[in-house]
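One structure below.
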Amino acid sequence: AQTVTQSQPEMSVQEAETVTLSCTYDTSESNYYLFWYKQPPSRQMILVIRQEAYKQQNATENRFSVNFQKAAKSFSLKISDSQLGDTAMYFCAFMKSYGGSQGNLIFGKGTKLSVKP
Amino acid sequence: DTGVSQDPRHKITKRGQNVTFRCDPISEHNRLYWYRQTLGQGPEFLTYFQNEAQLEKSRLLSDRFSAERPKGSFSTLEIQRTEQGDSAMYLCASSLAGSVTDTQYFGPGTRLTVL
């Protein structure tokens with residue numbers, strides 16, 4: 354069975370600074386996807402960034418980038434130039450890939466990020 | 264382009280009552296997922312559909328839970344004889360299987376409180 358671990362229940366960062374959220378996972382699968390989702394207070398979950406396990410290049414989306422270490426089963430999220438709107442719960446998630454037919458997401462417990470002015 | 268919608272947004276019920284939630288996915292999406300999220304936890308998978316077929320159910324989905332997607336469009340999740348432990352946020356997500364990204368897009372959730 355796959356597991357996802359987020360070891361930082363809460364973090365805070367000053368506006369405009371950089372913060373890194375940690376995520377490790379355990380799987381015996383070779384084909385899978387990894388995601389970071391953001392859940393702002395009382396608002397719905399939205400996708401921040403995704404990474405295909407077969408790709409060596411780390412994914413980047415504007416101020417968000419990941420450090421994907423497949424051998425170490427590590428998938429951290431770096432947020433640059435933090436903004437007040439980045440305040441949210443951040444969930445790391447894993448999804449198996451069966452030759453193009455994907456399945457359900459397995460989530461970590463989340464990291465509550467507070468961006469302070 | 265409308266996103267995933269869920270109804271109701273909040274539901275308060277007494278223990279032992281039945282409740283039903285509805286999810287309307289993004290119109291062209293053929294996959295629909297149900298998750299449950301309790302306070303301080305990440306969402307946990309319950310079940311998913313591809314079109315009208317229910318392809319997978321979690322062990323978390325007890326016999327009191329049933330989900331349908333009769334015409335491959337909207338889906339309902341029914342909980343019979345609710346228990347206090349059923350109190351949670353129920354999230355629906357949809358995706359387009361076979362697409363380049365196959366990303367799951369989430370709805371706002373239905374928050375259930377069982378008294």
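Read top to bottom, the protein sequences are chains A and B.
Quick note on our numbering: the first sequence kicks off at 354 and runs consecutively.
Quick note on our numbering: the second sequence kicks off at 264 and runs consecutively.
No residue lacks a Cβ here, since even glycine has one placed at the ideal position from N, Cα and C.
Check: For Asn-293(B) and Tyr-353(B), what's the separation of their Cα atoms in angstroms?; Outcome: 20 Å
Check: Where does Asp-439(A) sit, in a helix, a strand or coil, going by DSSP?; Outcome: helix
Check: DSSP on Asp-270(B), reduced to helix/strand/coil?; Outcome: strand
Check: Taking 8 Å as the CB-CB cut-off, is Asn-384(A) touching chain B?; Outcome: no
Check: Which bits of chain B does Gly-463(A) rub up against, with CB to CB less than 7 Å?; Outcome: Gly-305
Check: What residues from chain A crowd round Tyr-353(B), counting only those whose CB sits closer than 9 Å?; Outcome: Ordered by position in chain A, no residue passes the 9 Å Cβ test against Tyr-353(B), which lies about 13 Å from the chain.
Check: Give the DSSP-derived three-state secondary structure of Asp-287(B) in the structure shown.; Outcome: strand
Check: Could you spell out where the beta strand (DSSP E) holding Ala-406(A) opens and where it closes?; Outcome: First-last for Ala-406(A): undefined, no H or E at that position.
Check: Tell me the residue span of the beta strand (DSSP E) that contains Arg-374(B).; Outcome: 373 to 377
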